[in-house]
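Chemist: This is the structure, below, for whatever I ask next.
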Amino acid sequence: MNDKMNFNNDLLSSPIRVGMIGAGYMAKLHSLSMRNLAGLTDDPRDHFELIRLVDANTELAQHEAMRWGWLEADSDWRSVTRSDDIDLVDIATPNDSHYEMCLDAFANGKHVLCEKPLAVNRHQAAEMARQAQASGKVHMVNFTYRAWPAIAQARQLIQAGKLGRIRHFEGHFFQDHNNDATIPLHWRFRKTQAGAGALGDIGSHIIDLARFLVGDIASVSALTERYIAQRPLPHDRSQLGDVDVDDFAAALVRFENGATGSIKAGWALPGFKNDVYFVVVGEKGAIRFSWERSNELQIFDATDEPQISGYRTVLIGRAHPGAELFWFPALGGEQGLGVTAQGMGYGDAFALSFRHYANAIRTSISSAPNFIDGLRCCEIIDAILLSAIDGRWVNVEKLCI
Ligand SMILES: NC(=O)c1ccc[n+]([C@@H]2O[C@H](COP(=O)([O-])OP(=O)(O)OC[C@H]3O[C@@H](n4cnc5c(N)ncnc54)[C@H](O)[C@@H]3O)[C@@H](O)[C@H]2O)c1
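Numbering (this note's numbering), first residue to last: 6 to 406.
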């Protein structure tokens, strides 16, 4: 017997060849997920080949490419949008650069995965969605939390009518790290590069979850706040520059289906380490979730006897959508579900998202979250910013695509 490993190359015959733009924070999560996925899933077609990592900072591109096993590094993003050896362009650069990169990638016949928020305003996002659809290629926006098993489970329960008609959504994404006034005036604090502050950066996720769980938003009444008005300039920290985005945003919202809601985002709120939180309340019960206890889902059933009325905590494990990908021994029970719940984390959320994207490319279906979802989110962000300036209710304008 030959003790060399014989791989069946047919199984790996057409990996998705990726060129990624942006070697910063997100490159770690994307690279990790793409590398791990081939080992995690039973479907050999969920295989990404890490061809080229691009960053305007050449040294960073080279360093990260070497660390994560990319074949090449480059400093020109067109080396992926225009190259024959790339199927998927993965964009994780500051928000103002998404527009030009996406359009060039579609024009050159690439599938595109773009980070959120899709663009710095709804007009750019609408043009991107138009070009995405016209291209016939697969388009995706990395709203990571949709794929999280507890959240996917919440949606399944809501769609199955477990809560009855939805009355109210309350959601926030709160962090505290930007309460540090010594953090320099990088791109996230500049409106031209970011579009919005906490609202666009982390608020985009909770806006997307509101749509995912309850539906489209018709109108908003909002306010925004800036807590730290000036920050040190990145290249000369003895000088201060003006911040021109929000540190906090809050909006009352009316959903198209009549439900009411509130959406808040803030990144300088001491005590909130990373709280993606929502509660969805319907006529028959409620479901709530916090990322700070991300392996739990809380479910309230209004038909329980008064003596046991209260939230039930469900520990997320093999029985929940997507979670079977991770760390659970096969127990061999009839349904193969078992009851194990070893726990999952942030990196696992990205791996789940990338499994979804691999499936979208394989089937040539831009299943949500796609550029339309990215556009709808930008429309809501713009409506919230306008409402905060004008001090009135604003209808969310849906742009034609
Ligand atoms: N899905 C999520 O949960 C999530 C989380 C964090 C960030 N993001 C999004 O990912 C994107 C990137 O965020 P990040 O935290 O990785 O930022 P980052 O600042 O850590 O990295 C961005 C990188 O892009 C590079 N870059 C800038 N302009 C470029 C250009 N023209 N060509 C090539 N490289 C260029 C920079 O040099 C930098 O290394 C943003 O859109 C952000 O909103 C999404």
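Just so you know, even glycine gets a beta-carbon here, dropped at the ideal spot from N, CA and C.
All of these numbers come straight from a predicted model, not from anything done at the bench.
Decide if LEU34 is buried, meaning its Cβ has at least 16 other Cβ atoms within 10 Å, or exposed.
Modeler: Burial call: buried.
Chemist: What first and last residue would you give for the beta strand (DSSP E) that runs through LEU76?
Modeler: That residue, LEU76, is in no beta strand (DSSP E); it is neither H nor E in DSSP.
Chemist: Anyone know if the C-beta pair for VAL281 and ALA159 falls short of 8 angstroms?
Modeler: It is not a contact, given that the beta carbons lie outside the stated cut-off.
Chemist: Below 8 angstroms on the Cβ atoms is my contact criterion, and I expect TRP73 with SER36 to pass it. Report the Cβ-Cβ distance as a whole number of Å.
Modeler: The Cβ separation is near 4 angstroms, so the contact holds.
Chemist: Relative to the C-alpha of ARG22, which residue among ALA152, ILE406, TYR362 is closest?
Modeler: Of ALA152, ILE406, TYR362, the residue nearest in Cα terms is TYR362.
Chemist: Between the C-alpha atoms of GLY350 and THR308, what's the straight-line distance to the nearest angstrom?
Modeler: Going from the Cα of GLY350 to the Cα of THR308 covers about 33 angstroms.
Chemist: Using 7 angstroms as the cut-off, classify the Cβ of LEU302 as near or not near the heavy atoms of ligand 1, replying yes or no.
Modeler: Every heavy atom of ligand 1 is 7 angstroms or more from the Cβ of LEU302, so no.
Chemist: Using only CA atoms, which one of ALA356, LEU168, PHE376 lies nearest to GLY53?
Modeler: Per the sequence shown, the amino acid found at residue 53 is Phe instead of Gly. It is ALA356.
Chemist: Alpha carbon to alpha carbon, how far is ARG87 from LEU118?
Modeler: Approximately 15 angstroms, taken between the alpha carbons.
Chemist: With a threshold of 8 angstroms, are at least 3 pairs of Cβ atoms found where one atom belongs to the stretch 236-256 and the other to the stretch 144-161?
Modeler: As far as the Cβ criterion goes, the stretch 236-256 does not touch the stretch 144-161, which means the pair count is below three.
Chemist: Identify whether ILE188 lies in helix, strand or coil by the three-state DSSP scheme.
Modeler: If DSSP states are grouped into helix, strand and coil, ILE188 belongs with coil.
Chemist: May I ask which residues mark the beginning and end of the alpha helix (DSSP H) holding ILE91?
Modeler: Per DSSP, ILE91 belongs to no alpha helix (DSSP H) and is neither H nor E.
Chemist: What residue ranges within the stretch 221-246 form continuous alpha helix (DSSP H) runs of no fewer than 4 residues, ordered along the chain?
Modeler: For the stretch 221-246, not a single whole alpha helix (DSSP H) run of length 4 or above is found.
Chemist: Just to confirm my understanding: we take ASN262, look at its own chain, exclude 5 residues before and 5 after, and list those with CB closer than 6 angstroms. What are they?
Modeler: Within the same chain, ASN262 has close Cβ partners GLY220.
Chemist: Quick check: the stretch 372-389 against the stretch 137-147, are at least 3 beta-carbon pairs closer than 8 angstroms?
Modeler: Short answer: they touch.
Chemist: Our contact map puts SER80 next to ALA61 with C-beta atoms below 8 angstroms; I'd like the distance itself, whole angstroms only.
Modeler: Indeed, because the Cβ distance is near 6 angstroms, the residues count as touching under 8 angstroms.
Chemist: Less than 8 angstroms between C-beta atoms, sequence neighbours within five positions excluded: which residues of the same chain meet that for LEU238?
Modeler: Excluding residues within five positions, the ones whose Cβ falls inside 8 angstroms are PRO189, LEU190, GLN244, LEU245, GLY246.
Chemist: Mark ASP8 as exposed unless 16 or more other C-beta atoms lie within 10 angstroms of its C-beta, in which case mark it buried.
Modeler: Low confidence applies here, because ASP8 scores a pLDDT of 46, under 50, leaving its location unreliable; read the following figure in that light. The residue is exposed, with fewer than 16 neighbouring Cβ atoms inside 10 Å.
Chemist: Considering only the alpha carbon of each residue, which of VAL143, PRO122, ASN279, ARG360 lies closest to PRO49?
Modeler: Per the Cα distances, ARG360.
Chemist: Provide the residue span of the beta strand (DSSP E) that contains THR265, from first to last.
Modeler: That run of the beta strand (DSSP E) goes 265-271.
Chemist: With a cut-off of 8 angstroms on the beta carbons, I'd call TYR96 and ILE26 a contact; round off their distance for me.
Modeler: Checking the sequence shown, residue 96 turns out to be Ile, not Tyr. At roughly 5 angstroms, the Cβ-Cβ gap stays under 8 angstroms, so ILE96 and ILE26 are in contact.
Chemist: With which residues is VAL117 paired in a DSSP beta bridge?
Modeler: Answer is VAL94, HIS144.
Chemist: For MET25, report the span of its beta strand (DSSP E) as first-last.
Modeler: Here the beta strand (DSSP E) through MET25 covers 21-26.
Chemist: Suppose you measure from the CA of GLU310 to the CA of GLN347; what does that come to, to the nearest Å?
Modeler: Looking at the two C-alpha atoms, the distance is approximately 31 angstroms.
Chemist: Below 8 angstroms on the Cβ atoms is my contact criterion, and I expect ASP395 with ALA273 to pass it. Report the Cβ-Cβ distance as a whole number of Å.
Modeler: Rounded, the Cβ-Cβ distance is 24 angstroms, inconsistent with contact.
Chemist: Measure the beta-carbon distance from ALA215 to PHE174 and round it to whole angstroms, keeping in mind my assumption that it falls under 8 angstroms.
Modeler: So it is a contact: roughly 5 angstroms between Cβ atoms.
Chemist: Can you list, in chain order, the residues of its chain whose CB lies under 7 angstroms from that of ARG231, leaving out five sequence neighbours each side?
Modeler: Here the set comprises VAL248, ASP251, ASP252.
Chemist: Tell me whether THR98, by its Cβ, gets closer than 7 angstroms to a heavy atom of ligand 1.
Modeler: True, at least one ligand heavy atom lies under 7 angstroms from that Cβ.
Chemist: From the DSSP output, in three-state form, read off TYR282 for me.
Modeler: Correct three-state label for TYR282: strand.
Chemist: Quick one: using the 10 Å Cβ neighbour count with 16 as the cut-off for buried, is ALA165 buried or exposed?
Modeler: By the 10 Å Cβ count, ALA165 comes out exposed.
Chemist: Which of the three DSSP states is assigned to ASN100 in this structure?
Modeler: Of the three classes helix, strand and coil, the one that applies to ASN100 here is helix, per DSSP.
Chemist: Below 8 angstroms between beta carbons: does that hold for LEU58 and ALA70?
Modeler: Yes. Within cutoff.
Chemist: Rounded to whole angstroms, what is the Cα-Cα separation between GLY271 and ALA354?
Modeler: Their Cα atoms are separated by approximately 22 angstroms.
Chemist: Identify the residues that DSSP records as bridge partners of THR318: which are they?
Modeler: DSSP, once it has assigned bridges, lists GLN303 as partnering THR318.
Chemist: How close, in whole Å, do the beta carbons of GLY169 and GLY287 come, if the pair is a contact with beta carbons under 8 angstroms?
Modeler: Correct: roughly 5 angstroms between the Cβ atoms.
Chemist: How about ILE414 and LEU204: are their beta carbons less than 8 angstroms apart?
Modeler: Absent from the structure is residue 414, since the part of the chain shown begins at 6 and ends at 406.
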